[in-house]
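> In this text, residue positions in the first sequence follow the working numbering: the first is 33, and each later residue adds one.
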Amino acid sequence: MSVRTRFAPSPTGYLHIGGVRTALFNWLLARQAGGQFILRIDDTDAQRNVAEALQPILDGFRWLGLDWDEGPEIGGPYEPYFQSERLSHYQAAAQQLLDSGHAYRDYSLPAEFAAERETAEKEKRDFVYSRKWMAETSEQAANFAAAGRSFVVRLKMPREGQCQFHDLIRGDVAFDWVREPDHVIQRGDGTCLYHLASVVDDHEYRITHVVRAIEHLSNTPRQIFIAQSLGYELPQYAHIPFVAEPGSKNKLSKRKIEQYLNNKEFKRLYQSGADIAAKVGVIPDPNSFNPVLVDFYRQIGFLPDAIINYLLLLGWSLDDKTENFSREEMLQHFSLDRVVKSEASFDPQKLLTFQGRYMNGLPLKQKAKLCLAFLQRAGLVADPVPCATGERVQQIVAAADDRIVMAGDILQFENFFVPDQQLQYEDKAFQKRLVTPPRAGELINEFNLVIAITPEFTAAALEIELKNFCETQGIELGDIIHALRVALTGSAAGFGMFDTMAILGRASCISRINRALDKLERAS
RNA sequence: GGCUCGUUGGACUUCUGGUGAGGUCGCUGGUUUCUCAAGCCAGACAGGUUGGGUUCGAAUCCCACACGAGCUGCCA
33 MSVRTRFAPS
43 PTGYLHIGGV
53 RTALFNWLLA
63 RQAGGQFILR
73 IDDTDAQRNV
83 AEALQPILDG
93 FRWLGLDWDE
103 GPEIGGPYEP
113 YFQSERLSHY
123 QAAAQQLLDS
133 GHAYRDYSLP
143 AEFAAERETA
153 EKEKRDFVYS
163 RKWMAETSEQ
173 AANFAAAGRS
183 FVVRLKMPRE
193 GQCQFHDLIR
203 GDVAFDWVRE
213 PDHVIQRGDG
223 TCLYHLASVV
233 DDHEYRITHV
243 VRAIEHLSNT
253 PRQIFIAQSL
263 GYELPQYAHI
273 PFVAEPGSKN
283 KLSKRKIEQY
293 LNNKEFKRLY
303 QSGADIAAKV
313 GVIPDPNSFN
323 PVLVDFYRQI
333 GFLPDAIINY
343 LLLLGWSLDD
353 KTENFSREEM
363 LQHFSLDRVV
373 KSEASFDPQK
383 LLTFQGRYMN
393 GLPLKQKAKL
403 CLAFLQRAGL
413 VADPVPCATG
423 ERVQQIVAAA
433 DDRIVMAGDI
443 LQFENFFVPD
453 QQLQYEDKAF
463 QKRLVTPPRA
473 GELINEFNLV
483 IAITPEFTAA
493 ALEIELKNFC
503 ETQGIELGDI
513 IHALRVALTG
523 SAAGFGMFDT
533 MAILGRASCI
543 SRINRALDKL
553 ERAS
């Protein structure tokens with residue numbers, strides 16, 4: 033039998049990084065066995081517009097390259113794949129459980145049921161429901177109904193023995209049945225709840241491996257009870273640890289972003305994203321612009337492969353040293369028995385490291401193409417791209433080298449794309465490199481005369497020119513080069529000066545130096 | 001409170017009971033360079049600062065304790 037796995041997102045509009053890792057493990061397991069990976073939409077509780085809230089999730093999966101064989105937009109042999117459209121299946125299952133005596137109609141009022149539970153809690157004993165309002169015969173039901181009560185369907189859970197099962201990651205686990213309450217599987221209005229729906233769907237979709245986060249481990253006994261009562265064959269279970277917050281073992285949560293921003297590395301990641309967003313002119317949506325969510329990374333120019341590789345290693349390893357895995361290698365080596373049992377903290381810095389590795393492993397053309405998209409979004413490059421501009425972007429990307437970690441980082445070099453007269457100078461840099469040094473203005477002015485007539489305007493030729501210039505002036509390279517950098521780029525930091533000059537070209541260099549000299553004059 | 005799971009340097013991890021526990025990220029220092037990155041070299045930092053047991057020998061196996069997390073819904 034082929035391996036069939038699933039991931040079941042709720043249509044919330046956002047794809048959580050922890051969810052992606054769970055999906056990844058499912059995807060790998062199916063793909064490496066030549067099986068199927070299924071996307072099921074858990075929208076039993078959804079009031080909102082599902083289509084709208086689902087789109088970002090599907091987009092996220094596509095962007096990450098986690099393709100699904102059955103599910104939304106592509107259908108499949110066991111349609112539909114939306115739980116909201118499968119109510120009749122669940123109701124039939126609930127009826128079957130009722131008929132076989134594995135479930136009962138419960139006519140208690142929510143307050144009555146809660147009161148029993150609270151009493152038990154107060155007396156510090158396990159809560160075992162009295163089943164006082166249980167109706168097993170139609171007369172009992174009629175009596176309760178006559179009293180104006182309505183019912184929900186509850187599981188009639190065993191009260192003896194243990195639920196034992198084997199988990200592919202945790203090994204053998206056991207729960208006492210008596211501590212499993214009589215869970216509700218169907219509401220008064222006839223709609224059904226998650227546990228019933230999930231079990232029915234997993235069966236009807238022929239799911240062979242249920243791989244999901246550890247928080248579902250304690251839900252497993254009730255699901256096993258449902259499955260066995262319905263005569264289903266059990267899938268294999270594998271409960272993977274959740275992804276924890278940076279620097280803690282708490283579950284990573286999208287809502288705690290404010291708190292995470294106190295973490296230095298998380299903040300750094302967020303800030304680099306925010307800077308890019310600002311330059312692209314996007315006001316970040318606080319709901320989705322969040323490093324806990326995949327969309328954040330898409331917006332600022334991460335590579336899907338980097339994210340996937342990072343997430344793979346969050347809870348799984350091949351050996352003591354291998355870190356970089358292509359998709360093929362992942363598929364070849366992944367196995368559930370090397371998934372760790374303890375939770376792993378999300379480390380923004382390490383994710384950034386993977387991103388840098390992947391970005392700089394890219395051929396120049398591809399890297400430049402990714403960067404170009406950001407320049408266009410920032411309105412710095414026209415669409416269609418003029419040929420010369422494309423060249424220039426490539427030159428800049430090459431010169432910037434690994435200073436570009438995510439594609440949006442190209443915007444740190446935006447000054448190469450603004451007209452000379454609109455170049456912005458960083459005040460501090462201007463002060464330190466042009467105003468304060470006594471000869472700065474004089475030197476760049478002199479050098480400006482040199483570059484006006486230098487025959488060859490290439491990085492190599494300019495290096496010789498400038499070094500000669502320093503010699504005749506009796507100065508060190510450092511005495512002029514910083515002033516030059518600020519004059520030409522407005523910034524104190526950047527890539528090599530000779531590349532910078534060559535990329536800007538003679539005319540720009542001259543006019544930018546003149547502009548800096550004007551500003552310098554006005555400043556004094 | 002109960003149940004379940006977990007516990008190695010700041011983080012991710014490796015370690016059929018057997019030399020000073022290995023790798024990656026980060027950190028510190030040095031070095032290179034026109035700045036910033038990157039690079040190179042070196043360094044600090046670990047087995048729950050718990051108690052007991054098994055053993056010639058324990059991070060590894062067992063028990064206890066401590067700590068952490070998840071679950072304990074007419075949420076998923």
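Note that beta-carbon positions come from the ideal geometry of N, C-alpha and C, so glycine has one too.
Quick check on glutamate 102: buried or exposed, where buried means 16 or more other Cβ atoms within 10 Å of its Cβ?
buried
> Within the chosen definition, does the segment 285 to 292 reach the segment 338 to 348 through at least 3 CB pairs nearer than 8 Å?
no
> How is the alpha helix (DSSP H) around isoleucine 504 delimited, first residue to last?
Residue 504 is actually threonine in this sequence, not isoleucine. 491 to 505 is the extent of the alpha helix (DSSP H) around threonine 504.
> Counting Cβ pairs, one atom from each stretch, are 3 or more of them under 8 Å apart for the segment 213 to 231 and the segment 174 to 193?
Taking 8 Å as the limit for Cβ pairs, the verdict is that the segment 174 to 193 does touch the segment 213 to 231.
> Just curious, the beta strand (DSSP E) that valine 232 is in, first and last residue?
Unbroken run through valine 232 is the alpha helix (DSSP H), 226 to 236; no beta strand (DSSP E).
> What did DSSP end up calling tyrosine 122 once you bin it into helix, strand or coil?
DSSP places tyrosine 122 in the helix class (H, G or I) of the three-state scheme.
> Please say whether aspartate 452 and arginine 538 have beta carbons closer to each other than 8 Å?
no
> Among the candidates Ala135, Gly220, Phe530 and Leu129, whose CA atom is the shortest distance from the CA of proline 142?
Gly220
> Name the DSSP bridge partner or partners of aspartate 204?
The partner list for aspartate 204 (beta bridge, DSSP) reads His198.
> According to DSSP, what are the bridge partners of isoleucine 70?
Arg38 and Glu102
> Does DSSP classify lysine 558 as helix, strand or coil?
This structure cannot speak to residue 558, because the chain is shown only from 33 to 556.
> Could you check if glutamine 127 is buried or exposed, using at least 16 other CB atoms within 10 Å of its CB as the buried criterion?
exposed
> Name the residue from Leu266, Arg409, Val275 and Gln426 whose alpha carbon lies nearest to the alpha carbon of valine 232.
Leu266
> So which of Leu249, Asp351 and Pro380 has the shortest CA-CA distance to alanine 338?
Pro380
> Are the beta-carbon atoms belonging to phenylalanine 449 and alanine 432 less than 8 Å from one another?
no
> From the DSSP output, which residues share a beta bridge with methionine 166?
Asp138
> Could you tell me the boundaries of the beta strand (DSSP E) in which isoleucine 272 lies?
Per DSSP, the continuous beta strand (DSSP E) segment holding isoleucine 272 begins and ends at 268 to 272.
> What separation, rounded to the nearest whole angstrom, lies between the Cα atoms of leucine 130 and isoleucine 217?
Approximately 11 Å, taken between the alpha carbons.
> Determine the direct distance from the alpha carbon of proline 112 to that of serine 374, and round the result to whole angstroms.
36 Å
> Using the rule of at least 16 other Cβ atoms within 10 Å of the residue's Cβ for burial, across every protein chain shown, is arginine 149 buried or exposed?
exposed
> Rounded to the nearest angstrom, what separates phenylalanine 386 and asparagine 341 at their Cα positions?
If I take the Cα positions, the gap works out to 8 Å.
> Rounding to the nearest angstrom, what Cα-Cα distance links glycine 528 and glutamate 497 in this structure?
15 Å
> Using the three-state DSSP reduction, which class does arginine 359 fall into: helix, strand or coil?
helix
> I need the DSSP call for isoleucine 483, collapsed to helix, strand or coil.
helix
> With 16 other CB atoms within 10 Å as the buried threshold, where does serine 5 fall?
Outside the displayed span of the chain (33 to 556) sits residue 5, for which this structure offers no information.
> For aspartate 434 versus glycine 506, is the C-beta spacing smaller than 8 Å?
For aspartate 434 and glycine 506, no; Cβs fall outside 8 Å.
> For isoleucine 315 versus isoleucine 332, is the C-beta distance shorter than 8 Å?
no
> Among all the DSSP beta bridges, which residues are the ones paired with serine 377?
In the DSSP assignment, serine 377 is bridged to Ala276.
> Looking at the unbroken alpha helix (DSSP H) that takes in leucine 396, where does it start and where does it end?
Per DSSP, the unbroken alpha helix (DSSP H) holding leucine 396 starts and ends at 396 to 409.
> Could you tell me whether the Cβ atoms of alanine 173 and alanine 179 are closer together than 8 Å?
Taking 8 Å as the cut-off, the Cβ atoms of alanine 173 and alanine 179 do not count as close.
> Suppose the cutoff is 8 Å on Cβ atoms and the five residues either side in sequence are ignored; what does the same chain contact list for glycine 67 look like?
Ser34, Val35, Arg36, Thr37, Leu61 and Thr240
> With a cut-off of 8 Å, do at least 3 Cβ pairs link the segment 70 to 77 to the segment 261 to 279?
no
> Kindly confirm or deny that the segment 85 to 99 and the segment 43 to 56 touch, where touching means at least three C-beta pairs closer than 8 Å.
yes
> Between the segment 548 to 555 and the segment 461 to 471, do three or more beta carbon pairs fall short of 8 Å?
yes
> Could you tell me which residues DSSP pairs with alanine 245 in its beta bridges?
Ile272
> How would you write the range of the alpha helix (DSSP H) that leucine 350 sits in, first residue to last?
Element bounds for leucine 350: n/a, residue is neither H nor E.
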